[in-house]
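In this text, residue positions in the sequence shown follow this note's numbering: the first is 31, and each later residue adds one. Okay, structure first, notes after.
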Amino acid sequence: MRHKDTADLVIGTIRLFHVPDIYPDDMKLMHWAYRTLRRTMGTMQMDLLTPPNVTNDLMKDGIQLDESYEKSYADVFVIKDWLSDPQDPSKLVDELSDILFPVAILPEQRQALIDIVLEGQPSTAWSTAWAQWEGAPDDEALRAVVESRLRNLLKFMLAMAENQVC
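Written out as C-alpha cells, the structure is:
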C-alpha cells in the first residue's frame with residue numbers, strides 16, 4: 031500500500047466533488063481553470079511530475095479545502111446520488127467510508143463520524159432535516175443545516191489518515 035501525495039489528494043478531491051469552477055462549460059474557461067490550478071499547486075511545491083524542494087525552504091501557502099478566491103464551494107450534495115439512504119446517518123457514514131477509504135475504519139472512528147453528522151442530536155433530527163431539505167430543496171435555511179453537517183463530515187473524512195492510503 032502506498033500513501034497519497036498532496037497532489038493526489040487535491041486532484042482526487044476535485045474529481046470526486048466536481049468543483050464547478052474547475053469544470054466550466056466553456057472550453058477556454060476550463061483551460062484557464064486548469065492552468066490556475068496547476069500554477070497554484072506549483073506554488074505549493076506540488077507541481078505534477080516534479081519533486082518538491084526540501085532544502086530548507088518553508089512552505090508559506092496552504093491548501094484551502096473549502097474555499098477559493100471566488101468563494102466557490104464544492105457541491106457536497108452530489109453524494110446523494112452515490113448513497114442508498116443518506117437520511118440514515120449510519121448508512122451515510124458507512125457508504126461514504128466505503129467510497130473514500132480503501133481500508134476499513136474502527137468502530138470508534140465510525141461512531142465519531144456519525145457524531146459529526148448528528149451534532150449532539152438524536153439520529154431522527156438528521157433524518158428529519160434531510161427529508162425536509164429534499165421536500166423543499168430551494169429553502170436556503172433547510173439547505174444550510176444539511177450542507178454544514180455534510181461539509182463538516184466530508185472535511186473530517188478527507189483529513190483522516192485512511193483517506194491518505196491508496
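We put the CB at the ideal spot given by N, CA and C, even for glycine. Since the structure is predicted, the reported quantities are computational estimates derived from the model, not experimental observations.
Checklist entry - Alpha carbon to alpha carbon, how far is PRO50 from SER114? => result The residue given as residue 50 occupies position 20 in the sequence shown. The residue given as residue 114 occupies position 84 in the sequence shown. Cα to Cα, the separation comes out at about 24 Å.
Checklist entry - With a Cβ-Cβ cutoff of 7 Å, do ILE129 and ASN182 count as a contact? => result Position 99 of the sequence shown holds residue 129. Position 152 of the sequence shown holds residue 182. For ILE129 and ASN182, no; Cβs fall outside 7 Å.
Checklist entry - When the distance is taken between beta carbons, is PRO119 closer than 7 Å to SER153? => result Here the question's residue 153 lines up with position 123 in the sequence shown. Here the question's residue 119 lines up with position 89 in the sequence shown. It is a contact, given that the beta carbons lie within the stated cut-off.
Checklist entry - Could you give the distance in angstroms between the alpha-carbon of ARG69 and the alpha-carbon of ASP38? => result Counting from one through the sequence shown, the residue named residue 69 turns up at place 39. Counting from one through the sequence shown, the residue named residue 38 turns up at place 8. Between ARG69 and ASP38, the C-alpha separation is close to 16 Å.
Checklist entry - Where does SER178 land, buried or exposed, given buried means 16+ other C-beta within 10 angstroms? => result As a working note, residue 178 is residue 148 in the sequence shown. It is exposed - the Cβ of SER178 has fewer than 16 other Cβ atoms within 10 Å.
Checklist entry - Does the Cβ of LEU180 have 16 or more other Cβ atoms within 10 Å, making it buried, or fewer, making it exposed? => result Taking the sequence shown and counting its residues from 1, one reaches residue 180 at position 150. That one is buried.
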